[in-house]
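One structure is given here, and the rest of the page talks about it.
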Amino acid sequence: MVVLAQVSRYRCATPASGGYSKIDVAMKRVWIVLSLLLVLGGCGSESGFTENDLRIPTGFLRVVHAVPDSPNLRVELQTQSFGILNFGQSTSFERVLPDINRTLKISLFNGTEFTTVSEETLNIALDQAVTVVIAGTLAVPQLFIFEEPDIIDGNIPIRFFNATSSPEAYDIYLTQDDETAISPIAQLSQFEDSKVEREPAENYRLRFANADSSDILWDSGIFGILEGSTPVFLLIDNFGSGPNTVRLQSAGFAAFPEDQTPAAVQLTHMIPDAEELIDIYLDGELLAGDLDYRDITEYHNIAPGNKLVTVTEAGLPENIIRESTIFIAAGEFQSITAINQLAIASITSNREDLRRVPSSMTVTISNFATPLSFANVFLISPGEDYRDFNPFIQFSTNTQRTQTVAVPQADYDLVFADQANNEIIRTTLPAAESALYRIYMTDTPGGGLPIELLFRGDLQNQ
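According to this note's numbering, the sequence shown is numbered sequentially starting from 44.
Structure follows, in structure tokens:
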């Protein structure tokens, strides 16, 4: 069997600033190719020529954000946007123009504009798939570039990479079914990678442990690796509810359906016109009792998976206000909230981001105010007129009720306005290092106006 040579390389990033780099002269080659394709479009009747021969040349790029002390990062390849990634997120493989030098630019929002933190020139070959992992620290980010191999004889490449900030090494076990984890497939120190080839199958299992230890720290349970996939499994820092300081996740790959890492949930009562206290059950077990309007519980550790959430009058389990099935993701902090007026009560859930980012403030806002189906949210410097700016966040019936943003550490005015940009309410967000600010927009008790703000997280102590 022929095995293609692999390239694994990284480069320490030098902070850069300014606009986009000029497109390399080789871009002319692409325009020549595209022009030829247009000319050849009328040649389909020529002998030996078929429409299948017309194919725009393509490479593929996937990017992973694994910098634990970084806020969201914007990813661009020359003028092609890959969107904004939070820590632990990755793009899918995106089509890119091949065989030309193009600048991969990683940037973050500094409060007024996007500032470049890393740049790298990429030249992706025709039909080549490349994965770029952004790791290290925000002060010294590093780009790890992996050229994914072709699939040979039906085997698929499986790559493992240690992107953690930990100096510890870890053993990785890849088995099938209930095979015992005896010999690790790889032992990875920080920023090391390893690759194996395996047949696609529906019964794989991943585990990891501290190097040279038999104590398994995490078990994926059974999961499938599909034909044609090129999975990258990464060890990254853990800011979720699991017990370990690191966790294993995949890039461009489905979740592990049997992962039993404990989740943590908090329960919240946001039904403004409920005259009685409420109870909240998960799968028939009372998890929060005698909740008054705007009560928020502490976090409860639970097993992940689909949960039947039942909201009842306190002490009267037969008086059901609302029931709904909610999926609780493994290893995550999650809020479950009873919302809306009593007659149309519903249950919503959202992931809570509790990662503290140096020199940044993480602001999570929930719109649970029943008179305010649409809201503009402005985050401005003190003394500025919010009407001079575009909304920082918009809530509508088509968006999530909870949104999270990370902003540079500074003093801010937070203004909530209606659809016509009439001010509804404003508050001050004081500068605080690595702050976690949690804000709820709510009805006044009993329901209706005026809109009120409920402060949690670090704002509770201001």
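Using N, Cα and C, we set each Cβ at its ideal position, and we do this for glycine too.
Check                                                                                                                      : Outcome
Given E318 as reference, the closest of Q437, R241, Y429, T355 once Cα atoms are compared                                  : T355
Spatial neighbours of P111 in its chain, beta-carbon cut-off 6 Å, leaving aside the 5 residues before and after            : S208, D280
Per-residue DSSP class, three states only, for Q437                                                                        : strand
Segment limits, beta strand (DSSP E) that includes Y455                                                                    : 455-460
Endpoints, beta strand (DSSP E) assigned at N205                                                                           : 199-205
Same chain, Cβ closer than 6 Å to D214, five either side skipped, listed in chain order                                    : P227, Q230, A252, A254
Same chain, Cβ closer than 6 Å to R399, five either side skipped, listed in chain order                                    : S477
Pair within 8 Å by beta-carbon distance, G491 and P414                                                                     : yes
Neighbour-count burial assignment, L351, 16 or more Cβ in a 10 Å radius                                                    : exposed
Opening and closing residue of the beta strand (DSSP E) in which N344 lies                                                 : 343-345
Entirely enclosed beta strand (DSSP E) segments - the segment 237-312, minimum 3 residues                                  : 244-253, 259-268, 275-280, 289-294
Length of the line joining the Cα atoms of A486 and I494                                                                   : The residue you asked about is not Ala; residue 486 is Asp in the sequence shown. C-alpha separation (whole angstroms): 5 Å.
Cβ pair I390, I379 closer than 8 Å                                                                                         : yes
Validate contact between the segment 274-288 and the segment 309-316 using beta carbons, cut 8 Å, 3 pairs                  : no
Range covered by the beta strand (DSSP E) that runs through T223                                                           : From DSSP, T223 is part of no beta strand (DSSP E); its letter is neither H nor E.
Nearest-angstrom Cα separation, counted from L472 out to I127                                                              : 24 Å
beta-carbon S367 near the ligand MG non-hydrogen atom, thresh 7 Å                                                          : Inclusion of the ligand MG in the displayed structure is not the case, the ligand content being empty and no account of it being possible.
L217 in three-state terms, based on DSSP                                                                                   : strand
DSSP-derived helix/strand/coil call for D333                                                                               : strand
Nearest residue (CA-CA) to L181, options P401, D428, I436                                                                  : P401
Coil, strand or helix - A449 by DSSP                                                                                       : strand
N362 - DSSP class collapsed to helix/strand/coil                                                                           : strand
Spatial distance of E190 from L496 (CA atoms)                                                                              : 50 Å
Rounded Cβ spacing between N205 and E240 (contact assumed at less than 8 Å)                                                : Not a contact, Cβ separation roughly 20 Å.
Beta-carbon spacing of T407, T447 below 8 Å                                                                                : yes
Alpha carbon of F187 to alpha carbon of L104, nearest angstrom                                                             : 13 Å
N-terminal and C-terminal residue of the beta strand (DSSP E) that Y480 is part of                                         : 478-485
The beta strand (DSSP E) enclosing A172, as first and last residue numbers                                                 : 172-179
Distance CB(D333)-CB(L325) smaller than 8 Å                                                                                : no
Opening and closing residue of the beta strand (DSSP E) in which G131 lies                                                 : Unbroken run through G131: none, as it is neither H nor E.
Runs of beta strand (DSSP E) wholly within the segment 119-169 (minimum 3 residues, chain order)                           : 123-128, 137-139, 145-152, 157-165
Beta-carbon contacts of D220 that lie in its chain and below 8 Å, excluding the five residues immediately before and after : N246, R248, I265
Cα-Cα separation, N349 to L278                                                                                             : 26 Å
The beta strand (DSSP E) enclosing Q185, as first and last residue numbers                                                 : 184-191
Rounded distance between the beta-carbons of Q384 and F417, thought under 8 Å                                              : About 17 Å separates the two Cβ atoms, so there is no contact after all.
CB contact flag (A307, H343, <8 Å)                                                                                         : yes
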